[in-house]
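Residue numbers (the working numbering): 362 to 774.
Written out as structure tokens, the structure reads:
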């Protein structure tokens with residue numbers, strides 16, 4: 362698709378490039394260091410010339426990193442392709458399916474619940490110029506949770522609720538309109554856990570630092586160390602298998618479900634009213650369990666999981682089942698409780714795979730994360746760039762050891 366092809370949203374808004382050519386706009390940074398690794402964000406306020414009193418159009422512009430070396434080594438193009446398809450085709454198709462079912466969750470035509478309106482998307486033009494223009498959700502009351510602080514049950518429940526609707530819509534559409542669904546399902550490719558992806562060699566190198574993180578509780582020679590080593594030695598093949606489609610019970614998943622890809626709106630402090638899902642660069646068609654275990658094993662703490670996780674998994678499945686039923690399908694046929702539990706047993710260790718890779722970066726302070734463009738342009742490899750030594754290392758080591766021990770307790774590792 363040419364980068365100058367505009368996408369007019371379902372609300373009839375004019376193509377974004379025309380707005381920017383005939384209006385004034387102010388641009389500022391759209392995120393802080395450590396908040397986004399595969400793109401750059403800008404906050405844009407568009408106002409009409411000579412009419413400063415009229416509220417401006419508030420946008421988030423997401424573009425590719427400026428560094429060509431960063432784009433190449435991080436395989437950024439494939440991630441942007443996935444997100445382009447999500448906003449351009451997949452989410453609108455699911456929204457139309459919901460509209461046909463006359464469910465009241467659809468607040469605007471063509472806008473899937475719990476997502477930001479996409480004004481424009483471009484992909485496939487000049488290298489490095491892929492762009493998304495999204496509604497800025499901050500003026501609507503949405504904020505980002507501190508990525509270093511574990512989510513509580515109110516936040517997890519709200520995220521599970523929004524995920525259950527995404528998963529249910531895709532399951533019901535696949536069951537009722539299989540040909541239409543296949544067209545959107547096959548737009549996604551596996552952007553990370555692919556044996557042909559050169560970045561996996563760097564990821565596996567990064568994971569070797571885990572042995573240092575667990576040394577105090579599980580030193581070399583211990584049974585737990587041996588289990589972790591076996592998992593890391595086969596990491597690429599294992600994760601590729603875990604993200605593959607299952608025989609039954611697959612759904613369009615978010616794919617990168619952690620704190621910084623979620624915005625929360627609050628009724629009052631600590632009470633979540635709404636959630637906005639961001640960043641569909643890792644979206645895939647597989648078991649919905651992957652979204653859940655990614656979130657809870659990277660963004661919550663062990664003490665919370667011990668108290669709430671079993672009940673929260675049951676709540677998720679209840680919400681999913683109710684949504685599938687509302688959309689005209691039988692939840693026991695599409696995704697029974699028994700199938701869900703089987704997927705947890707078979708694929709739950711995906712949560713460990715994501716925890717080992719992401720927790721060290723998620724917990725780092727902003728000033729501890731290097732300038733990524735500068736680092737890649739200086740010739741550093743991804744494994745060197747993300748070698749973050751943090752003053753949060755005691756908490757990092759604890760969280761990683763906790764996840765490992767829970768995986769063994771569950772029988773998943």
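Yeah, the Cβ is synthetic: ideal placement off N, Cα and C, and Gly gets one too.
Which first and last residues belong to the alpha helix (DSSP H) in which residue i is found?
i: residue 458; result: 452-461
i: residue 705; result: 698-708
i: residue 736; result: 733-738
i: residue 428; result: No alpha helix (DSSP H) contains residue 428, which DSSP labels as neither H nor E.
i: residue 727; result: Counting along the chain, residue 727 falls outside any alpha helix (DSSP H), and DSSP gives it neither H nor E.
i: residue 436; result: No alpha helix (DSSP H) holds residue 436; DSSP gives it neither H nor E.
i: residue 669; result: 663-687
Can you name, in chain order, every residue of its own chain whose Cβ lies under 7 Å from the Cβ of residue i, other than the five neighbours on each side?
i: residue 687; result: 464
i: residue 659; result: 619, 715, 716, 719, 720 and 723
i: residue 566; result: 744
i: residue 545; result: 450, 451 and 454
List the residues that DSSP assigns as beta-bridge partners of residue i.
i: residue 421; result: 404 and 495
i: residue 637; result: 624
i: residue 747; result: In DSSP, residue 747 forms no bridge with anything.
i: residue 479; result: 495
i: residue 503; result: 626
i: residue 784; result: The structure shown has nothing for residue 784, since the chain only spans 362 to 774.
i: residue 614; result: 645
i: residue 632; result: 629
Which residue from the options puts its Cα closest to that of residue i?
i: residue 671; options: 653, 462, 605 and 727; result: 653
i: residue 692; options: 609, 570 and 767; result: 609
i: residue 719; options: 747, 441 and 736; result: 747
i: residue 674; options: 432, 616 and 651; result: 651
i: residue 538; options: 459, 577 and 523; result: 459
i: residue 733; options: 387, 522 and 401; result: 401
i: residue 599; options: 535, 554 and 620; result: 554
i: residue 562; options: 533, 701, 682 and 597; result: 597
i: residue 509; options: 735, 725, 772 and 765; result: 725
i: residue 767; options: 666, 471 and 578; result: 666
i: residue 450; options: 425, 484 and 427; result: 484
i: residue 757; options: 437, 578 and 440; result: 578
i: residue 646; options: 436, 531, 586 and 739; result: 531
i: residue 630; options: 638, 513 and 689; result: 513
i: residue 699; options: 684, 506, 679 and 572; result: 679
i: residue 573; options: 388, 755 and 387; result: 755
i: residue 503; options: 649, 702, 639 and 648; result: 639
Following the continuous beta strand (DSSP E) through residue i, name the residue where it begins and the one where it ends.
i: residue 468; result: Looking at the DSSP string, residue 468 is not in any beta strand (DSSP E), and its letter there is neither H nor E.
i: residue 605; result: Taken as a continuous stretch (DSSP letters only), residue 605 belongs to no beta strand (DSSP E), as it is neither H nor E.
i: residue 525; result: Segment 514-537 is the alpha helix (DSSP H) holding residue 525; no beta strand (DSSP E) there.
Tell me which residues share the same chain as residue i and place their Cβ nearer than 6 Å to its Cβ, disregarding the 5 neighbours each side in the sequence.
i: residue 395; result: In this prediction, residue 395 has a pLDDT of 47, which is less than 50 and means its spatial position is unreliable; what the coordinates show is noted afterwards. The residues are 727 and 730.
i: residue 418; result: 407
i: residue 641; result: 444 and 447
i: residue 420; result: 405, 494 and 497
i: residue 753; result: 724
i: residue 774; result: 588, 710 and 768
i: residue 635; result: 626
i: residue 428; result: 734, 737 and 738
If you measure between the beta carbons of residue i and residue j, is that distance less than 8 Å?
i: residue 408; j: residue 431; result: no
i: residue 617; j: residue 526; result: no
i: residue 528; j: residue 614; result: yes
i: residue 519; j: residue 495; result: no
i: residue 471; j: residue 482; result: no
i: residue 550; j: residue 439; result: yes
i: residue 709; j: residue 771; result: yes
i: residue 677; j: residue 712; result: no
Compare the C-beta of residue i against all C-beta atoms of chain E and say whether one is closer than 8 Å.
i: residue 418; result: The structure shown contains no chain E; it is built from a single protein chain.
Might you give, ordered along the chain, the residues of its own chain that have their beta carbon closer than 8 Å to the beta carbon of residue i, omitting 5 neighbours on each side?
i: residue 662; result: 511, 760 and 763
i: residue 633; result: 515, 516, 518, 519, 625, 626 and 627
i: residue 668; result: none
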